[in-house]
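For the record, the sequence lines run as chains A and B.
The first sequence lines up with residues 1 to 383 when you count with full-length UniProt numbering.
The second sequence lines up with residues 1 to 120 when you count with full-length UniProt numbering.
Cβ atoms here follow ideal geometry from the backbone N, Cα and C, with glycine treated the same way.
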Amino acid sequence: MDHALRGKSAIVGLGVAGLGEAPGSNSWDIMAQSAQAALADAGLKMKDVDGLFCAMMEDSMPVLMAAEYLGIRPRHVDGTLTGGSSFVNYLASATAALDAGLCDVALVCYGSNQRTASGRLVTASRLPPYEAPYKPRYPVSGYAMAAQRHMHQYGTTREQLADVAVAARAWASHNPQAFTRDPITRDDVLAARMISDPLGKLDCCLVTDGGGALVLTRADRAKDHAQKPVYVLGAAAESTHRQISQMPDFTVTAARESGKRAFAMAGVTPSDIDVLQLYDAFTINIILFLEDLGYCAKGEGGAFVADGRIAPGGSLPVNTYGGGLSCTHPGMLGIFTIIEAAHQIRGTAPGLQLDGVDLALAHGNGGVLSSQVTAILGSEATL
Amino acid sequence: MTPDTHFREGLAAGEIRLQRCATCGTHIFFPRVLCPACHGTDLHWIAASGAGEVYTFTTVRNRPEKGGDYNVAMVELAEGVRMMTRVDGDPHEVRVGMPVTAYVGQIDGAPAVLCRRAEG
Ligand SMILES: [Zn+2]
Numbered sequence: 001m002d003h004a005l006r007g008k009s010a011i012v013g014l015g016v017a018g019l020g021e022a023p024g025s026n027s028w029d030i031m032a033q034s035a036q037a038a039l040a041d042a043g044l045k046m047k048d049v050d051g052l053f054c055a056m057m058e059d060s061m062p063v064l065m066a067a068e069y070l071g072i073r074p075r076h077v078d079g080t081l082t083g084g085s086s087f088v089n090y091l092a093s094a095t096a097a098l099d100a101g102l103c104d105v106a107l108v109c110y111g112s113n114q115r116t117a118s119g120r121l122v123t124a125s126r127l128p129p130y131e132a133p134y135k136p137r138y139p140v141s142g143y144a145m146a147a148q149r150h151m152h153q154y155g156t157t158r159e160q161l162a163d164v165a166v167a168a169r170a171w172a173s174h175n176p177q178a179f180t181r182d183p184i185t186r187d188d189v190l191a192a193r194m195i196s197d198p199l200g201k202l203d204c205c206l207v208t209d210g211g212g213a214l215v216l217t218r219a220d221r222a223k224d225h226a227q228k229p230v231y232v233l234g235a236a237a238e239s240t241h242r243q244i245s246q247m248p249d250f251t252v253t254a255a256r257e258s259g260k261r262a263f264a265m266a267g268v269t270p271s272d273i274d275v276l277q278l279y280d281a282f283t284i285n286i287i288l289f290l291e292d293l294g295y296c297a298k299g300e301g302g303a304f305v306a307d308g309r310i311a312p313g314g315s316l317p318v319n320t321y322g323g324g325l326s327c328t329h330p331g332m333l334g335i336f337t338i339i340e341a342a343h344q345i346r347g348t349a350p351g352l353q354l355d356g357v358d359l360a361l362a363h364g365n366g367g368v369l370s371s372q373v374t375a376i377l378g379s380e381a382t383l
Numbered sequence: 001m002t003p004d005t006h007f008r009e010g011l012a013a014g015e016i017r018l019q020r021c022a023t024c025g026t027h028i029f030f031p032r033v034l035c036p037a038c039h040g041t042d043l044h045w046i047a048a049s050g051a052g053e054v055y056t057f058t059t060v061r062n063r064p065e066k067g068g069d070y071n072v073a074m075v076e077l078a079e080g081v082r083m084m085t086r087v088d089g090d091p092h093e094v095r096v097g098m099p100v101t102a103y104v105g106q107i108d109g110a111p112a113v114l115c116r117r118a119e120g
């Protein structure tokens with residue numbers, strides 16, 4: 001039997017703003033420009049929004065700040081902050097809220113000017129008390145330790161990690177919205193300055209400005225809007241820890257559970273998916289998520305990504321816009337995984353558009369591999 | 001006294017204090033008021049033996065004028081808990097699986113759990 005919420009909501013508008021560098025804008029400005037772009041894409045007005053879903057790094061009550069800035073009085077808000085996965089998480093909560101009648105038009109939005117403001121990754125979180133004295137570089141050191149453990153346990157190599165970055169850049173080279181488009185080689189990645197071993201500079205996501213927004217409505221009115229609707233077929237979350245020291249097994253993420261439940265809800269299997277958009281804050285993420293989402297066995301992710309399998313022309317397209325590694329990474333990336341997944345289904349991708357995409361997966365990650373959220377989106381044909 | 005305070009007073013006295021759940025036997029770090037395994041509340045303090053092993057680590061790259069590269073490690077103590085710490089010595093010689101002995105040293109003037117390489 002179908003899951004009660006399968007296909008009950010649809011993404012009807014997509015918007016981005018300030019990608020790359022946005023001098024003269026603060027984070028709230030970029031958020032608002034993204035929201036306006038998504039509403040214009042949907043053919044809706046700001047005053048139509050009655051459900052607001054927003055996380056920002058500038059305020060402890062960002063969803064209230066966002067509503068104030070946008071000049072709306074939403075009757076339903078969700079500001080749950082699970083780090084970069086927050087926006088994929090909102091696909092689940094917005095679907096439930098829409099289905100329950102708590103709101104009719106849900107706006108999910110984000111913006112950051114971290115690049116022009118500070119030139120480095122801005123994070124809303126202070127270091128956890130039992131970890132701060134050791135001065136890990138947050139968050140990269142947490143991911144580096146996961147990579148180190150994966151290498152020890154499974155023989156994963158820096159070359160294999162590098163292939164993830166090379167693939168991301170190859171996709172980005174076709175995307176005019178991408179911040180870095182010059183092709184790179186495995187040797188370039190290996191020769192880049194080390195940051196936190198075994199991760200070097202090109203194993204790490206970009207630091208950019210940028211914002212993104214989505215508009216969702218109930219599926220039954222989704223066709224009233226300007227764009228081809230993209231349906232939320234499945235969305236599921238799981239979290240395991242906040243401090244990296246408390247992660248049960250550094251080589252296994254909660255994507256195993258979030259993925260299993262998202263696939264079950266959508267009624268599809270990993271091999272049915274046409275394109276994957278995975279949260280690539282660091283190269284190790286892709287290897288872990290491909291394993292945990294069921295694309296290869298645990299420990300085989302390194303070999304899986306080698307030799308261009310996830311690059312343009314490979315058998316499994318991953319992060320077709322260039323991802324956080326090469327397109328954009330304004331502090332939290334989650335919303336962009338959804339935006340690219342939806343574009344691929346609509347046929348409106350800013351970079352390489354694949355043929356015949358009906359099913360796309362967007363996977364969000366938050367904290368230090370802490371929160372995992374998987375969503376499966378589909379075209380009308382998949383309902 | 002809060003569990004956190006008790007742990008910090010232990011550090012000040014040169015002792016690495018862990019909690020042990022009387023109901024299921026699980027050792028607990030970080031300190032708290034319930035057992036994360038069985039959710040029992042009958043917790044007792046013990047002093048860790050200090051025996052441990054590097055579960056994973058990273059070398060944080062840092063300019064020489066800022067103190068140079070340093071180690072951040074995840075160490076599993078014999079009692080079964082894992083904590084973030086630092087292994088003394090050349091950070092580039094730390095390895096996963098390396099046996100270590102945890103002790104109370106100092107970071108920036110405050111007591112903190114550190115590790116030295118164990119023999120063998
Ligand atoms: Zn217990």
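- None of the residues of the region 155-172 of chain A has a beta carbon lying less than 7 Å from any beta carbon of chain B.
- Taking the Cβ atoms as the reference, A/Gly324 lies roughly 7 Å from A/Leu206, within the contact range of under 8 Å.
- Residues of the region 236-260 of chain A with a Cβ closer than 8 Å to any Cβ of chain B, in chain order: Gln243, Ile244, Ser245, Gln246 and Phe250.
- Among the residues facing chain B, A/Ile195 is included, as its CB has a counterpart in that chain under 8 Å away.
- Using a 10 angstroms sphere on the CB of A/Cys103, the tally of other CB atoms reaches 16 or more, which defines it as buried.
- Inter-segment contact for the region 358-366 of chain A and the region 336-350 of chain A is present: three or more beta-carbon pairs are separated by less than 8 Å.
- Taking a C-beta cut-off of 8 Å against chain B, the contacting residues of the region 140-153 of chain A are Ser141, Ala144, Met145, Ala146, Gln148, Arg149 and His152, listed in chain order.
- Under the Cβ criterion (8 Å, minimum of three pairs), the region 286-305 of chain A does not count as touching the region 8-25 of chain B.
- Shown here, A/His76 sits in a strand according to DSSP, grouped into three states.
- At least 8 Å separates the beta-carbon of A/Gly308 from that of A/Thr157.
- In chain order, Pro350 place their CB closer than 7 Å to the CB of A/Pro176, counting only its own chain and leaving out the 5 sequence neighbours on each side.
- A distance of 8 Å or more separates the beta carbons of B/Val104 and B/Val94.
- DSSP places B/Ala22 outside any alpha helix (DSSP H), giving it a letter other than H or E.
- Chain-order list of chain B residues neighbouring A/Pro133: Ile107, Asp108, Ala110 and Ala112, by C-beta distance under 8 Å.
- A distance below 8 Å separates the beta carbons of A/Leu214 and A/Val108.
- B/Cys24 counts as exposed, since fewer than 16 other beta carbons sit within 10 angstroms of its beta carbon.
- Counting only heavy atoms of ligand 1, the residues whose C-beta sits closer than 5 Å to one of them are, along the chain, B/Cys21, B/Thr23, B/Cys24, B/Thr26, B/Cys35, B/Ala37, B/Cys38 and B/Gly40.
- Interface residue (Cβ-Cβ distance to chain A less than 8 Å): B/Val96 is classified as such.
- Within chain A, the C-beta atoms nearer than 8 Å to that of B/Tyr55 come from Arg149 and Phe250, in chain order.
- Taking the C-beta atoms as reference points, A/Leu19 is found nearer than 8 Å to A/Thr208.
- Taking a contact as a CB-CB distance under 8 Å, the pair A/Gly314 and A/Asp292 does not count as one, their CB atoms being some 20 Å apart.
- Taken in chain order, the unbroken stretches of beta strand (DSSP E) that lie wholly in the UniProt domain "Thiolase C-terminal" (237-378) of chain A and span 3 residues or more are 275-278, 359-366 and 371-378.
- The Cβ atoms of A/Phe87 and A/Thr328 lie no closer than 8 Å to each other.
- For A/Asp209, there is no enclosing alpha helix (DSSP H); the residue is part of the beta strand (DSSP E) that begins and ends at Asp209 to Arg218.
- It is roughly 44 Å from the alpha-carbon of A/Ala237 to the alpha-carbon of B/Glu119.
- Below 8 Å, too few C-beta pairs join the region 25-33 of chain A and the region 73-84 of chain A to call them touching: fewer than three.
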